[in-house]
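Heads up: the sequence shown at position 346 corresponds to 346 in the UniProt record's numbering, and the numbers run straight through without jumps. Every residue gets a Cβ at the ideal spot worked out from N, C-alpha and C, and that includes glycine. Just so you know, these numbers come straight off a predicted model, no measurement behind them.
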Amino acid sequence: MNLLEQKLACYTEPQRAQAAGIYPYFRKIESDQDTEVLIDGKKVLMFGSNAYLGLTNHPEVKAAAIAAVEKYGTGCAGSRFLNGTLDSHLELEKRLAAFAGKEDAIIFSTGFQVNLGVISCLLGREDYIIWDALDHASIIEGIRLSPAKSLRYKHNDMEALERRLKQCEDGKIKLIVVDGVFSMEGDLCKLPEIIKLAEKYGASVMVDEAHGFGVLGDHGRGVCNHFGLTDKVDLIMGTFSKSFASIGGFIAGSKTTINYIRHHARSYIFSASCTPAATAAASKALDIMLREPERVQALQEKTQYCLERFRSLGFEIGNTSTPIIPLFVRDNEKTFRVTAALFHEGVFVNPVVAPAVAPEDTLIRFSLMATHTYEQLDRAIDTLHKVFIELNIPLHAKA
Ligand code: PMP
1 MNLLEQKLAC YTEPQRAQAA GIYPYFRKIE SDQDTEVLID GKKVLMFGSN
51 AYLGLTNHPE VKAAAIAAVE KYGTGCAGSR FLNGTLDSHL ELEKRLAAFA
101 GKEDAIIFST GFQVNLGVIS CLLGREDYII WDALDHASII EGIRLSPAKS
151 LRYKHNDMEA LERRLKQCED GKIKLIVVDG VFSMEGDLCK LPEIIKLAEK
201 YGASVMVDEA HGFGVLGDHG RGVCNHFGLT DKVDLIMGTF SKSFASIGGF
251 IAGSKTTINY IRHHARSYIF SASCTPAATA AASKALDIML REPERVQALQ
301 EKTQYCLERF RSLGFEIGNT STPIIPLFVR DNEKTFRVTA ALFHEGVFVN
351 PVVAPAVAPE DTLIRFSLMA THTYEQLDRA IDTLHKVFIE LNIPLHAKA
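Here it is, written out as structure tokens:
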């Protein structure tokens, strides 16, 4: 065994969880992806998807993707910069800019690439990126690649944010980057306070709306719209991998900013463009979102229903007000055990353990779709309650 193999052979955590029958990852779905899916020949309720509007299986979205393959072929075989720009990319960019309430937008091949490319290309070594401790991994990777100074502040703690802003040297660029809806705990960023502080200290603001679009705001226009603060936010990021039922992502901002990003973001310039099918699916999902606001409303009503039910059963669910509902377990192995037991009982949920969150913050991430029926919601919640009790997990597992 060479040195590399020797080092990697020490990594045996997955095998240990597999041997204990509680390994929760890479479960293979064998059916269409609706509120119920087939895994190992067994039907399970899907409460792990981010397709909040339930459009992944929508006949019009599928037909749009198929038609795009027929028209353009399967891939672009080049970056947007060179031979990979289609008229459908440009059309969707215009619509996304309008949807986000900004002058211009560009589409990347994934949301991860948006955060990576945008955040890493904007600032110099004299400047500052100030970010929330619970920001998504793709934001953190973008910050790692940036030459700017990185200043993290405690999650949603506005005094900590102000202390960070005070720490910055005058005359340098300060960019605050936050998730609009935090991806693991479902709580909102405190955008009104963030904007006030940004104005006081002359900082720019970027909001990741991965979990905001389709979920909050007028016709699902996101968290910035929900707070009526779109005009005060400099950059708005979105992904197609959630409410848009596809894969890809975009950044929206002023013409000047987007022009700069278009020519500097390396994950945009040096990566093949969003596929024709993915672009068309996202575009059709946007049509449906604008045409059928009742979907966003149904999602919000079902969210309220679940939040009330979980709270009345005594579950600790933090500060969420969105379809992302965290059920805190606060122990890695127990989180795996709950996930496995729920799966056995026919409910698919995602475990969130260290290092995605601190070891004392591990949780079950329960996420809703507009298309879940109330009967499915009740069945899942009752099963969760039963499993937590059977496994002796305190519902109110306060840290
Ligand atoms: N930002 C946030 C907040 C996310 O949750 C995710 C995906 N989980 C991304 C960015 C990356 O998006 P994508 O899946 O399109 O790469």
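Cβ-heavy atom distance, residue i to ligand 1, below 8 Å
{"i": "Val-69", "result": "no"}
{"i": "Gln-113", "result": "yes"}
{"i": "Thr-373", "result": "no"}
{"i": "Met-237", "result": "yes"}
{"i": "Phe-240", "result": "yes"}
{"i": "Ser-138", "result": "yes"}
{"i": "Gly-214", "result": "no"}
{"i": "Ser-183", "result": "yes"}
{"i": "Thr-110", "result": "yes"}
{"i": "Ile-194", "result": "no"}
{"i": "Asn-50", "result": "yes"}
{"i": "Asp-208", "result": "yes"}
{"i": "Ile-247", "result": "yes"}
{"i": "His-89", "result": "no"}
{"i": "residue 403", "result": "Residue 403 cannot be examined here, being either before or after the span of the chain that is shown, 1 to 399."}
{"i": "Asp-179", "result": "yes"}
{"i": "His-211", "result": "yes"}
Bounding residues of the alpha helix (DSSP H) (the contiguous stretch that carries residue i)
{"i": "Ala-19", "result": "13 to 19"}
{"i": "Ile-176", "result": "Looking at the DSSP string, Ile-176 is not in any alpha helix (DSSP H); the run it does join, the beta strand (DSSP E), is 174 to 179."}
{"i": "Lys-190", "result": "Neither: Lys-190 is in no alpha helix (DSSP H) and is coded neither H nor E."}
{"i": "Ile-22", "result": "It is not in any alpha helix (DSSP H) - Ile-22 carries neither H nor E in the DSSP assignment."}
{"i": "Leu-4", "result": "3 to 9"}
Burial state of residue i (16 or more Cβ within 10 Å)
{"i": "Thr-275", "result": "buried"}
{"i": "Met-369", "result": "buried"}
{"i": "Tyr-52", "result": "buried"}
{"i": "His-89", "result": "buried"}
{"i": "Ser-312", "result": "exposed"}
{"i": "Ile-66", "result": "exposed"}
{"i": "Arg-125", "result": "exposed"}
{"i": "Pro-351", "result": "buried"}
{"i": "Tyr-128", "result": "buried"}
{"i": "Asn-156", "result": "buried"}
{"i": "Met-1", "result": "exposed"}
{"i": "Glu-93", "result": "buried"}
{"i": "Pro-24", "result": "buried"}
{"i": "Tyr-268", "result": "buried"}
{"i": "Ser-31", "result": "exposed"}
{"i": "Ile-317", "result": "buried"}
Residue range of the unbroken beta strand (DSSP E) whose run includes residue i
{"i": "Asp-208", "result": "204 to 208"}
{"i": "Pro-59", "result": "Premise fails: Pro-59 lies in the alpha helix (DSSP H), 59 to 72, not in any beta strand (DSSP E)."}
{"i": "Arg-365", "result": "363 to 367"}
{"i": "Pro-351", "result": "350 to 352"}
{"i": "Lys-28", "result": "From DSSP, Lys-28 is part of no beta strand (DSSP E); its letter is neither H nor E."}
{"i": "Leu-391", "result": "Careful: Leu-391 lies outside any beta strand (DSSP E) and carries neither H nor E."}
{"i": "Leu-38", "result": "36 to 39"}
{"i": "Met-46", "result": "42 to 46"}
Tell me the start and end of each unbroken beta strand (DSSP E) in the segment 246 to 271 that is at least 3 residues and wholly inside, in chain order. 249 to 253
3-residue-minimum beta strand (DSSP E) runs that sit fully inside the segment 210 to 250, ordered along the chain: 235 to 239
Should the segment 210 to 220 be called in touch with the segment 286 to 303, which here means at least 3 C-beta pairs below 8 Å? yes
Unbroken beta strand (DSSP E) runs of length 3 or more, entirely within the segment 273 to 336: which are they? 324 to 328
Where are the beta strand (DSSP E) runs, 3 residues long or more, that stay fully inside the segment 95 to 161, in chain order? 104 to 108, 128 to 132, 149 to 153
Okay, do the segment 69 to 83 and the segment 306 to 323 touch, 3+ Cβ pairs below 8 Å being the bar? no
At least 3 beta-carbon pairs within less than 8 Å: the segment 197 to 208 vs the segment 367 to 386: no
Taking 8 Å as the cut-off, does the segment 241 to 255 touch the segment 97 to 112 (at least 3 CB pairs, one atom from each stretch)? yes
Inspect the CB distances between the segment 41 to 56 and the segment 234 to 248 and report whether three or more fall short of 8 Å. yes
Meets three-Cβ-pair contact criterion under 8 Å: the segment 69 to 78 and the segment 230 to 238: no
Can you confirm whether the segment 30 to 44 touches the segment 338 to 358 when touching is taken to mean that 3 or more C-beta pairs between the two stretches lie within less than 8 Å? yes
Contact between the segment 160 to 170 and the segment 107 to 116: three or more CB pairs below 8 Å? no
For the segment 331 to 345 against the segment 191 to 198, are there 3 or more C-beta pairs whose distance is under 8 Å? no
Using 8 Å as the Cβ pair cut-off and three pairs as the minimum, do the segment 171 to 182 and the segment 357 to 364 touch? no
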